[in-house]
Amino acid sequence: MKKKLNDIQAKDQHTRINLGKNKKPEKAMKIKTSIAKKRSPIQKIQDISPPEQENQKYIYVSAKLREPSRLAASFIRVGMMGFLIVFLINTMSVYSKGKELEAEISAAAYEGYSYLVDAGKSASKIQFESALEAFDKAFLIFDEAKASLWFLSGSKTRYSASSSSTAAANAILEGGKEFAKAGSYFLEALEEFSKIPVYFIAKNENPDEDSPSITDALKVGLEKTDQALVHIKTASSFINSVPEDLIPADMKARVKFAKSKIDEIVATLESTSENFPALLKLLGDRYPHRYLILLQNNKEIRPSGGFIGSYAIVDVNEGYIEKLSVHDVYDIDNAYGPIIEPPEEFKAFTPNWRFRDANYSHDFPTSAKKLRWFLQKENGPSVDTIIAINQGLLQPLLDVTGPVQVGNFGKLDSENYNLLLSYIIEGKIWGKENPKHILKLFIPAFVDSLLKEKNLPALSSNLYKAVQQKHIMLYSSDEEIQALFDSANLTGRVHETADNEDYLAVINISAGGTKSDHFIEEKITHHTDIDKTGQVTNTLTIRRTHNWSNDTYLRWKTILANYGFSDMPDHLIDILGRGRNKSVMKIYVPSDTILLSQNGPKVQLKYDKELKKSYFLTTMEILAGESSEVTIKYQPGIRLDLSPAASYRLISEKQPGSLGSIFTKTLSTDSDLQNLAIHPQEARIDSTGDVTYATNLVYDRHFSGVWSK
Numbered sequence: 003m004k005k006k007l008n009d010i011q012a013k014d015q016h017t018r019i020n021l022g023k024n025k026k027p028e029k030a031m032k033i034k035t036s037i038a039k040k041r042s043p044i045q046k047i048q049d050i051s052p053p054e055q056e057n058q059k060y061i062y063v064s065a066k067l068r069e070p071s072r073l074a075a076s077f078i079r080v081g082m083m084g085f086l087i088v089f090l091i092n093t094m095s096v097y098s099k100g101k102e103l104e105a106e107i108s109a110a111a112y113e114g115y116s117y118l119v120d121a122g123k124s125a126s127k128i129q130f131e132s133a134l135e136a137f138d139k140a141f142l143i144f145d146e147a148k149a150s151l152w153f154l155s156g157s158k159t160r161y162s163a164s165s166s167s168t169a170a171a172n173a174i175l176e177g178g179k180e181f182a183k184a185g186s187y188f189l190e191a192l193e194e195f196s197k198i199p200v201y202f203i204a205k206n207e208n209p210d211e212d213s214p215s216i217t218d219a220l221k222v223g224l225e226k227t228d229q230a231l232v233h234i235k236t237a238s239s240f241i242n243s244v245p246e247d248l249i250p251a252d253m254k255a256r257v258k259f260a261k262s263k264i265d266e267i268v269a270t271l272e273s274t275s276e277n278f279p280a281l282l283k284l285l286g287d288r289y290p291h292r293y294l295i296l297l298q299n300n301k302e303i304r305p306s307g308g309f310i311g312s313y314a315i316v317d318v319n320e321g322y323i324e325k326l327s328v329h330d331v332y333d334i335d336n337a338y339g340p341i342i343e344p345p346e347e348f349k350a351f352t353p354n355w356r357f358r359d360a361n362y363s364h365d366f367p368t369s370a371k372k373l374r375w376f377l378q379k380e381n382g383p384s385v386d387t388i389i390a391i392n393q394g395l396l397q398p399l400l401d402v403t404g405p406v407q408v409g410n411f412g413k414l415d416s417e418n419y420n421l422l423l424s425y426i427i428e429g430k431i432w433g434k435e436n437p438k439h440i441l442k443l444f445i446p447a448f449v450d451s452l453l454k455e456k457n458l459p460a461l462s463s464n465l466y467k468a469v470q471q472k473h474i475m476l477y478s479s480d481e482e483i484q485a486l487f488d489s490a491n492l493t494g495r496v497h498e499t500a501d502n503e504d505y506l507a508v509i510n511i512s513a514g515g516t517k518s519d520h521f522i523e524e525k526i527t528h529h530t531d532i533d534k535t536g537q538v539t540n541t542l543t544i545r546r547t548h549n550w551s552n553d554t555y556l557r558w559k560t561i562l563a564n565y566g567f568s569d570m571p572d573h574l575i576d577i578l579g580r581g582r583n584k585s586v587m588k589i590y591v592p593s594d595t596i597l598l599s600q601n602g603p604k605v606q607l608k609y610d611k612e613l614k615k616s617y618f619l620t621t622m623e624i625l626a627g628e629s630s631e632v633t634i635k636y637q638p639g640i641r642l643d644l645s646p647a648a649s650y651r652l653i654s655e656k657q658p659g660s661l662g663s664i665f666t667k668t669l670s671t672d673s674d675l676q677n678l679a680i681h682p683q684e685a686r687i688d689s690t691g692d693v694t695y696a697t698n699l700v701y702d703r704h705f706s707g708v709w710s711k
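Now the structure itself:
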């Protein structure tokens, strides 16, 4: 164990030792060893005894100052960097009244910081052993640096008047210790969490073997997270206690920012702790949890993704799937007799509302509640949580698994699955009584192929992307679970439009009975004019083109021939994509919108009470190789207060299940108005002041700018 500064004794009078020279007399070596220069890089210490005593004995010690480590990647996201910014700022400026002390504490702080960075790097690479070792080293360095403050605790040193500086130094070093402790506990929690997918995969690969409880691993992780939270809160209280008058004025804003980052860490861990009961419920900790999984075919687009041709019921207990059954939606719908009037836009293709059409709103919680209601009304099972999955997600996942063997039929892969599944189901190739039997073979085989340990990284990446693109959405009737979904942005909940905020969502509802939406290219141009009074006027143009071609047909024939299918009747070609694409379109805009004019298919302005938004209702019909276009001019009820400046903001939300429309945002203003800022960076302003932002709606898009007179 290395010595502390209080081990220095004034045994020799007026002795000078230079540790930087090559000469190392025995006495010097002993004194050098007692100082433990390696962990305490001290340049100079003098006048250790009280100043009023005369004829004091003292020792001069000189040593080479260790060069501090360079800044590197932060730990626990931006939060840890926030703490370390505070750490560095204060170690370099708080102790202006004691320069010798400043040198020592600064060096120790840099060294402790370097180990925290190393710990963060190792943790990000899931190198738990290395990360824990680095946290331990950081803790020891902070602890030793704090111990070096022993000679400031008395009242007779010449630094005694700087008690506030001493308190600040103590707070900074104690904060460092507490953060190191928190890092160790949080790392242990991450290690427990990392076991969960491994347990799950192992159980899937060897279902007959006993497996550790996933929920028990979660509980251990929660305990460690709570311990980390305690230490982070303590660290926060220490560094927040540093008096602001000891911080240079030009640095106060940075310190305030850094301290706020620590608060974000606390908030994140508190949220994690609060959400753990919901996670345990999802995994069937105390009681089994039942899921309804909607298999939506987004080649026949519907508001929340695609037509629900099939669904699965999944029971989960102690973190493992106990039961999985796949069902044809028509089995439950056709068994129910009473008439239920559908929403107006669904009357174009059905007089009777059923479970298969219950995903009627692009706000998924709204649709999910109706789906759950329909399932129970049609004598289906009660479910706890609903997950919507679009069929388009299969393509990237089949790239992960590779070809999947389906019984004796053959292999499905990312290139042929859509055609083969659609051909067999729509053509009733395996019999009219059970046309979707192939799904009952494919889905279990696909799940088995997907849930392999080697697939975890690629699977996680694809699922995250699918959530961002609204190809996966979740809803639960349990309030705790739903709150978790909302906090993680998993619900596909529609944005609540703020005052003076523009909104656009183009929602298509396939009404032609074909799977042709996969071949539709949609271009959306949204132009905004802002006059000198701040009045906003929009012109929206939507152009849809049906891109099915004979080349598509020839490719289909080649794939089908490889599986022994030579017959492809015209009606089946039409169903699979060549046929007329008929779409009922709901174009959502702010609630107080006024329709000024329109060109193209007839447009009606209506109001959605559930979403508290107005929408334009129209219908487009397109044959293969053709296009159709509608233009709508309207005022969204926005008037900007341009004295002295105001911001215009547009939220454009993509339709769940959509492949991503081509989106162009343009904006013109009165010549008297001046642009002060624009977002995003991709937006361009030409010499006349007109703005153009060209992108796609693979994700939701935000556009904003600030103008003044």
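First residue of the sequence shown? That's 3 in my numbering, and the numbers climb one at a time after it. C-beta: ideal position from N, C-alpha, C; glycine also.
Could you compute how far the alpha carbon of residue i sits from the alpha carbon of residue j?
i, j, result
"Thr668", "His439", "49 Å"
"Ser663", "Ala679", "26 Å"
"Tyr466", "Leu458", "12 Å"
"Asn420", "Ile310", "15 Å"
"Leu373", "Leu675", "49 Å"
"Ala696", "Ser479", "39 Å"
"Thr516", "Glu435", "21 Å"
"Lys614", "Pro367", "15 Å"
"Arg546", "Ser585", "10 Å"
"Trp355", "Asn491", "29 Å"
"Arg703", "Leu506", "10 Å"
"Thr527", "Ala460", "35 Å"
"Asp333", "Leu297", "15 Å"
"Ser95", "Ile687", "Model confidence at Ser95 stands at a pLDDT of 36, short of 50, so the residue's coordinates are unreliable; what they give is reported in the following sentence. Computed Cα separation, rounded: 44 Å."
"Phe521", "Phe448", "26 Å"
"Asn464", "Lys379", "35 Å"
"Gln600", "Leu395", "36 Å"
"Phe411", "Ser568", "16 Å"
"Arg72", "Leu282", "Only weak support exists for where Arg72 lies, its pLDDT of 37 falling under 50; the value from the coordinates is given anyway. About 42 Å."
"Ser243", "Leu231", "18 Å"
"Ala500", "Gly691", "26 Å"
"Glu176", "Ala237", "7 Å"
"Asp553", "Glu417", "15 Å"
"Lys525", "Leu542", "11 Å"
Sorry if obvious, but does the Cβ on residue i come closer than 7 Å to a heavy atom of the ligand ADP?
i, result
"Leu453", "Although the ligand ADP was asked about, the structure shown includes no ligands whatsoever."
Using the DSSP secondary-structure output, state which residues sit across from residue i in a beta bridge.
i, result
"Gln606", "Leu619"
"Thr671", "Ile532"
"Tyr293", "Val316, Thr387"
"Leu326", "Val316"
"Arg703", "Ser654"
"Asp504", "Leu652"
"Gln407", "Lys413"
"Arg545", "Lys525, Glu631"
"Phe309", "Asn299"
"Gln676", "Ser710"
Which residue's Cα is closest to the Cα of residue i: the options?
i, options, result
"Ile323", "Leu285, Glu347, Ser649", "Leu285"
"Glu343", "Pro353, Asp335, Glu435, Ala337", "Pro353"
"Thr620", "Asp519, Val331, Glu346, Val318", "Glu346"
"Ile640", "His681, Asp504, Ala173", "Asp504"
"Leu220", "Ala563, Lys235, Phe195", "Phe195"
"Leu414", "Pro214, Trp432, Asn552, Leu443", "Leu443"
"Ser689", "Leu598, His681, Asn677", "Asn677"
"Val591", "Pro646, Lys604, Val496", "Val496"
"Ala390", "Ser312, Thr541, Lys454", "Ser312"
"Gly494", "Glu193, His473, Ala648", "His473"
"Asp672", "Lys371, Thr535, Arg358", "Thr535"
"Lys656", "Leu625, Ala648, Tyr701, Glu631", "Tyr701"
"Asn583", "Asp519, Leu192, Thr530, Asp643", "Asp519"
Since residue i contacts residue j with CB under 8 Å, what's their CB separation in whole angstroms?
i, j, result
"Pro638", "Val508", "Not really, about 15 Å apart at Cβ, beyond 8 Å."
"Leu399", "Leu452", "6 Å"
"Gln393", "Gly308", "6 Å"
"Phe646", "Met622", "This sequence places Pro at residue 646; Phe is not what is there. 44 Å between Cβ atoms; not a contact."
Kindly indicate if chain D contains any beta-carbon less than 8 Å away from that of residue i.
i, result
"Ala370", "Absent from the structure: chain D. Only one protein chain is present."
Inter-stretch contact (C-beta, 8 Å, three-pair minimum) for the segment 421 to 432 and the segment 576 to 589: Taking 8 Å as the limit for Cβ pairs, the verdict is that the segment 576 to 589 does touch the segment 421 to 432.
Contact the segment 390 to 407 vs the segment 646 to 654: 3+ CB pairs below 8 Å: Short answer: they don't touch.
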